[in-house]
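**Student:** Taken in sequence, the protein lines are chains A and B.
Under the working numbering, read the first sequence as residues 282 to 394, first letter to last.
Under the working numbering, read the second sequence as residues 16 to 129, first letter to last.
Glycine included, every Cβ here is placed at the ideal spot set by N, Cα and C.
On a predicted model such as this, the values are computed, not experimentally measured, just so you know.
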Amino acid sequence: EDQVTQSPEALRLQEGESSSLNCSYTVSGLRGLFWYRQDPGKGPEFLFTLYSAGEEKEKERLKATLTKKESFLHITAPKPEDSATYLCAVLMNYGGATNKLIFGTGTLLAVQP
Amino acid sequence: GAVVSQHPSWVICKSGTSVKIECRSLDFQATTMFWYRQFPKQSLMLMATSNEGSKATYEQGVEKDKFLINHASLTLSTLTVTSAHPEDSSFYICSALRGGATQYFGPGTRLLVL
Chain A
282 EDQVTQSPEA
292 LRLQEGESSS
302 LNCSYTVSGL
312 RGLFWYRQDP
322 GKGPEFLFTL
332 YSAGEEKEKE
342 RLKATLTKKE
352 SFLHITAPKP
362 EDSATYLCAV
372 LMNYGGATNK
382 LIFGTGTLLA
392 VQP
Chain B
16 GAVVSQHPSW
26 VICKSGTSVK
36 IECRSLDFQA
46 TTMFWYRQFP
56 KQSLMLMATS
66 NEGSKATYEQ
76 GVEKDKFLIN
86 HASLTLSTLT
96 VTSAHPEDSS
106 FYICSALRGG
116 ATQYFGPGTR
126 LLVL
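This is how it looks when you write it as structure tokens:
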């Protein structure tokens, strides 16, 4: 069964305390892995797309990496404004023109000043 | 950028009424849009895929007669919740597909059915 699992469910960090969020997946026909940030009461905000194992992308304090089985979102020296839920999603091809995103349950990150 | 808007941002209605939610891609054309539903502290659940000029594709368990989707143009998709009931209260989010792979999401619409 296709599955996307994120860990931990929640993470509390002190400002400046670096850490990593994990997204593991067991899917067939992977076409890409996406990271989104979601603030309370808002829609997800696109962060990164990763397409192949070994690929890395960076944006400010965030860095996403991808292996054949999992992806990590590294947060370096986080600030309180990085507090949000981080969602991982896998893009699959079920055939035809439809490309579905399968979301993980997210990691709720709280960064304390 | 890739901006997607939704209207309204929140709506309160009486049980039995119908509610229409609009999703617009403001700075790009989207042949494919998606509608999701999100319950508190849960992740996004795909309801349906909306393709411009054709019928929407619904996920298993989603009633197509209750959640009517119309993708009339390359920048607009609408979701109509017909005969809404309290159990339909939720956070509805749309997304628009750009570049063939990346979905850009709207800000969401919170529906409360009394």
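Please list, in chain order, the chain A residues whose beta carbon lies closer than 7 Å to that of B:P122.
**Tutor:** K323, G324
**Student:** Report all residues from its chain with a CB closer than 7 Å to the CB of A:A365; omit the five preceding and five following residues, and keep chain order.
**Tutor:** R318, Q319, D320, L390
**Student:** Less than 8 Å separating the beta-carbons of B:L2 and B:T97?
**Tutor:** Coverage of chain B is limited to positions 16 through 129, which leaves residue 2 of chain B absent and any answer about it impossible.
**Student:** Examine chain B for any beta-carbon lying closer than 8 Å to the beta-carbon of A:K340, and answer yes or no.
**Tutor:** no
**Student:** Do you know how far the Cα of A:T348 is from the Cα of A:S309?
**Tutor:** 14 Å
**Student:** Count the other CB atoms within 10 Å of the CB of A:T307; is the residue buried (16 or more) or exposed (fewer)?
**Tutor:** exposed
**Student:** With a threshold of 16 other CB atoms inside 10 Å of the CB of B:T47, please say whether the residue is buried or exposed.
**Tutor:** buried
**Student:** Return helix, strand or coil for B:E67, following the three-state DSSP convention.
**Tutor:** coil
**Student:** Have a look at the DSSP bridge pairing and note the partners of A:E337.
**Tutor:** A:T346
**Student:** Do we get a CB-CB distance below 8 Å when we pair A:L382 with the residues of chain B?
**Tutor:** yes
**Student:** Considering A:A291, what are the terminal residues of the beta strand (DSSP E) in which it resides?
**Tutor:** 291-295
**Student:** Run through the DSSP bridge pairs and tell me what A:R318 is partnered with.
**Tutor:** Looking at the DSSP output, A:R318 bridges to A:E326, A:Y367.
**Student:** Is the stretch 344-360 of chain A close to the stretch 293-308 of chain A, with three or more CB pairs under 8 Å?
**Tutor:** yes
**Student:** Name, in chain order, the residues that DSSP records as bridge partners for B:S92.
**Tutor:** B:C38
**Student:** How close, in whole Å, do the beta carbons of B:Y107 and B:I36 come, if the pair is a contact with beta carbons under 8 Å?
**Tutor:** Contact check for B:Y107 and B:I36: beta-carbon distance about 6 Å, within the 8 Å limit, so the pair qualifies.
**Student:** Enumerate in chain order the residues of its own chain whose CB-to-CB distance from B:D103 is below 6 Å, with the five nearest sequence positions on each side excluded.
**Tutor:** V96, V128
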